[in-house]
Ligand SMILES: Cc1cc2nc3c(=O)[nH]c(=O)nc-3n(C[C@H](O)[C@H](O)[C@H](O)COP(=O)(O)OP(=O)(O)OC[C@H]3O[C@@H](n4cnc5c(N)ncnc54)[C@H](O)[C@@H]3O)c2cc1C
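Numbering (UniProt numbering), first residue to last: 1 to 294.
This is the structure:
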């Protein structure tokens, strides 16, 4: 099928893009097009205008400092994944981005577009939420910061307003003595996951666990984070605590049931991946500390 007719604009400044969004209530932003174009082609969306933001140079920036990484609206997944400073400041970015689709899609699709699209099956909305990041949304009315916890309203639904353009996403840096892990189970490499987990684990110099959080994608209707620190309250990282963490996660999640997998199956995948990913994040935290000492 072909898309319904639409007007097309390719502004070269942010101000011009915001003016177009303000004056065309049925306009949609076009970033990498990897989610929007299929929706148009299937006529699941039929905006009156597409505002292509790819010619706005300032939106392609990736910047960083000790507080975190700022990813501009047209920075491609592949650019963020390969960015050496972004990898160093927040290593979960490249770990999760490697799992997003195939290289061809990562070369075109944007990290911010994926977040605004708010697909609970996608990696980056969950990563933003797990890291307690935020996005900056601009309109002719001004700019506002939307914390990740307030961004995902429902399946494929974000709280970004129709006349707003998200200019950047901010991913806080990885804390000292913390490590990350991310893994998923998909039917084929590059497919959306049947279930995916990302985790941040922090530990003291003596190896005792100080905090554990895990984020789940392709499990619930929205990106979901579960605080797992309580099962490691003794500080010991044991198989028993890992098994308890997996059970706590499964009990806290409300998995979807669809043609790709039943809720029970997704719950079981979440258990298995929680054990695997929390262990990897703990090992990563120990390895990073060993590097600093060494
Ligand atoms: C075959 C295939 C497999 C895929 N597999 C995966 C996968 O495994 N994991 C995964 O995470 N993704 C996957 N994707 C999606 C891919 O990551 C997309 O790039 C991403 O979801 C959307 O980014 P985009 O830049 O292409 O956005 P677009 O398609 O251009 O836009 C998506 C939506 O967000 C809005 N939007 C985009 N940017 C902004 C902005 N700055 N401000 C306001 N609104 C905005 C658009 O209006 C639109 O509604 C896959 C895509 C394909 C085609």
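Beta carbons are placed, not taken as given, at the ideal position from N, Cα and C, and that holds for glycine.
Since the structure is predicted, the reported quantities are computational estimates derived from the model, not experimental observations.
| Item | Value |
| --- | --- |
| How would you label residue 297, buried or exposed, when you count the other beta carbons within 10 angstroms and need 16 or more for buried? | In the structure as shown, the chain starts at 1 and stops at 294, and residue 297 therefore has no counterpart that could be examined. |
| Among the candidates 275, 257, 7 and 136, whose CA atom is the shortest distance from the CA of residue 121? | 257 |
| Mind checking whether the beta-carbon of residue 123 lies closer than 6 Å to any heavy atom of ligand 1? | yes |
| What whole-angstrom Cβ distance do residue 21 and residue 27 have, given they're in contact under 8 Å? | 5 Å |
| DSSP three-state call for residue 274: helix, strand or coil? | helix |
| First and last residue of the alpha helix (DSSP H) that includes residue 123? | 123–130 |
| Below 8 Å on the Cβ atoms is my guess for residue 249 versus residue 271; work out the distance and round it to an integer in Å. | 7 Å |
| Spatial neighbours of residue 69 within its chain, please: CB distance less than 6 Å, with the 5 preceding and 5 following residues excluded, ordered by chain position. | 86, 89, 90 and 171 |
| Per DSSP, residue 141 is paired with what? | Its beta-bridge partners do not exist; DSSP assigns none. |
| Do the region 154–168 and the region 109–119 meet, that is, are 3 or more Cβ pairs less than 8 Å apart? | yes |
| Can you give me the start and stop residues for the alpha helix (DSSP H) that residue 112 sits inside? | 111–117 |
| Starting from the C-beta of residue 143, find all residues in its chain whose C-beta is less than 8 Å away, skip the five residues before and the five after it, and write them out in chain order. | 136, 137 and 167 |
| For residue 99, I'd like the list of residues in its chain whose CB is within less than 6 Å of its CB, leaving aside the five on either flank, ordered along the chain. | 123 and 184 |
| CA-CA distance, residue 6 and residue 134? | 31 Å |
| Do residue 107 and residue 76 have their C-beta atoms closer together than 7 Å? | yes |
| Between residue 35 and ligand 1, is there a pair consisting of the residue's CB and a ligand heavy atom that are separated by less than 6 Å? | yes |
| With DSSP collapsed to three states, give me the class of residue 172. | strand |
| Note down the Cα distance separating residue 201 from residue 246, rounded to an integer number of angstroms. | 14 Å |
| Taking the continuous beta strand (DSSP E) assigned at residue 63, which residues delimit it? | 62–65 |
| How about residue 74 and residue 53: do their beta carbons lie closer than 7 Å? | yes |
| Any heavy atom of ligand 1 closer than 6 Å to the beta-carbon of residue 46? | no |
| Secondary structure at residue 50, three-state DSSP: helix, strand or coil? | strand |
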